[in-house]
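**Q** FYI, in mature numbering (1 follows the signal peptide of the UniProt record, and there is no 0) the residues of the sequence shown are -20 to -1, 1 to 274.
Input: one structure, supplied below.
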Amino acid sequence: MKKLLLSILVASIGTFVSNAQLLWEVTGNGLSKPSYLFGTHHIAPVSVMDSVPGFASALASADKVYGEMVMSEAQTPQSQQVMLTYAMAPQDSTLTSVLSAAQLDSLDKVLKHYMGPMASASQMATLKPGMVNMVLALAQSQAAFPNFDPTKQLDGEIQKRGAAAGKEIGGFETIEDQCKAMFGTSILTQADELMDMVRNDEKASGIAIKLAKAYLSGDLNAMLAIMEEPESGNSGEWSERMLNKRNANWMRIIAGLLPTASVFIAVGAGHLPGDKGLISLLRKEGYTVKSVEK
């Protein structure tokens, strides 16, 4: 069970047709060499790397590769312990304490649908509702990518390819930073979000598939629109916590990196579009950001 949870956490931290809108070139503002911004989907096949025009040459030309975090660090015993600590509920706030019998029954049915007849809410009783919510979200996304292999996760494979080429690998966040963002809200808030996911499972599954299709077509604007749909379950508070605040924090690091080296930045595609997305934030800092078309 612990190995399964760790695989889910690593895959979720920090879903093809060729389309250049996933890869963006960053120039201007005094840069001597271009840097690049690439949008990932955390459970998309690694073949995406070889499907995007210009990806290989952009990665090869960069001096450094940066992601949401250094993915290899998530595999260390210390990081795994941090993740498990954040994923576990306080003793007085287990699922059986914060959910009613009817809610537990509904959760049971959804878990069995995705994970088989042996799965149950009682098996996950010691987990924070946010962790169980993540399990369900991953299961829904896997409907679009049924062959997802957590040992070959796109963000991690990009960093491995960069490391193999002798490039410096860096991350904008630590394991603890990501866990705080995902599991740092109140247990009751997490429970409400979990039950919203359970009640709207069919809609959420459809949205996950729509999001995957938008990603595979490289349509960032469509992805943003889907994430903003009321049925997505992504509240304004969620967007502020999981996207906007993190983007602003990352930009402070990026602003210091770009003048010093050519950097290949690979982060979740949801962080790129919108007024508070990385593309817009880079442009506001005076950089020219354009899609790579070949």
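A virtual CB, placed ideally from N, CA and C, is assigned to each residue, including glycine.
(1) Does the Cβ-Cβ distance between K108 and A42 come in under 8 Å?
(2) Are the beta-carbon atoms belonging to F18 and I206 less than 8 Å from one another?
(3) Apart from the five residues on each side of it in sequence, which residues of its chain come closer than 6 Å, Cβ to Cβ, to V272?
(4) Hey, Q83 and M175 are a contact pair by Cβ (cut 8 Å); roughly how many whole angstroms apart?
(5) Could you give the first and the last residue of the continuous alpha helix (DSSP H) run that contains G34?
(6) So which of A105, M51, N229 and E156 has the shortest CA-CA distance to A69?
(7) Under 8 Å by Cβ, that's how I've got I155 and A54 pegged, so tell me the actual separation to the nearest angstrom.
(8) Sorted by chain position, which residues of the same chain lie with C-beta nearer than 6 Å to V269's C-beta, five sequence neighbours on each side aside?
(9) Counting pairs of beta carbons, one from the segment 95 to 103 and one from the segment 191 to 198, are three or more of them closer than 8 Å?
(10) Going by C-alpha distance, which of A241, L11 and A249 is nearest D135?
(11) Looking at the secondary structure, which residues open and close the beta strand (DSSP E) in which K270 lies?
(12) Since F152 is in the alpha helix (DSSP H), which residue starts that stretch and which ends it?
(13) Hey, quick one: how far does the beta strand (DSSP E) through V245 stretch, first residue to last?
(14) Counting C-beta neighbours from all protein chains within 10 Å, is the total for G10 16 or more, i.e. buried, or is it exposed?
(15) DSSP puts F163 in a beta bridge; with which residues?
(16) Can you find a CB in chain B that lies within less than 8 Å of the CB of R263?
(17) In chain order, what residues of the same chain have a beta carbon less than 6 Å from the beta carbon of T76, not counting five sequence neighbours either side?
(18) Sort N180, F163, M222 and P126 by Cα distance to L64 and report the nearest one.
(19) Who are G47's beta bridge partners in DSSP?
(20) Expressed to the nearest angstrom, what Euclidean distance is found between the alpha-carbon atoms of M49 and Q60?
(21) What separation, rounded to the nearest whole angstrom, lies between the Cα atoms of T240 and V26?
(22) Using beta-carbon positions only, say whether L237 and V243 come within less than 8 Å of one another.
(23) Tell me which residues share the same chain as A228 and place their Cβ nearer than 8 Å to its Cβ, disregarding the 5 neighbours each side in the sequence.
(24) Which of the three DSSP states is assigned to L87 in this structure?
(25) Rounding to the nearest angstrom, what Cα-Cα distance links D30 and P14 in this structure?
(26) Quick one: what's E5 bridged to in DSSP?
(27) According to DSSP, M68 sits in a beta bridge with which residue or residues?
(28) Tell me whether A202 sits in a helix, a strand or coil according to DSSP, three-state version.
(29) P57 by DSSP, collapsed to three states: which one?
(30) Using 8 Å as the threshold, is the C-beta distance between G151 and L39 below it?
**A** Put simply:
(1) Note that the C-beta distance between K108 and A42 is not below 8 Å.
(2) no
(3) The residues are A(-1), L3, E5 and G34.
(4) 6 Å
(5) Element bounds for G34: n/a, residue is neither H nor E.
(6) A105
(7) 6 Å
(8) W4, V6, I259, L262 and R263
(9) Contact between the segment 95 to 103 and the segment 191 to 198 is absent: fewer than three C-beta pairs spanning the two stretches fall below 8 Å.
(10) Per the Cα distances, A249.
(11) T268 to S271
(12) F152 -> no alpha helix (DSSP H), and no H or E assigned at all.
(13) Before going further, note that residue 245 is Ile rather than Val in the sequence given. Segment V243 to G248, the beta strand (DSSP E) holding I245.
(14) exposed
(15) Within the DSSP bridge table, the entry for F163 names no partner.
(16) Chain labels in this structure do not include chain B; a single protein chain is all it has.
(17) A105
(18) F163
(19) G151 and A246
(20) 14 Å
(21) 29 Å
(22) yes
(23) Non-local beta-carbon contacts of A228 in its own chain, meaning distances under 8 Å to residues more than five positions away in sequence, involve K256 and L261 in chain order.
(24) helix
(25) Cα to Cα, D30 sits roughly 20 Å from P14.
(26) Y16 and K270
(27) L107
(28) helix
(29) helix
(30) no
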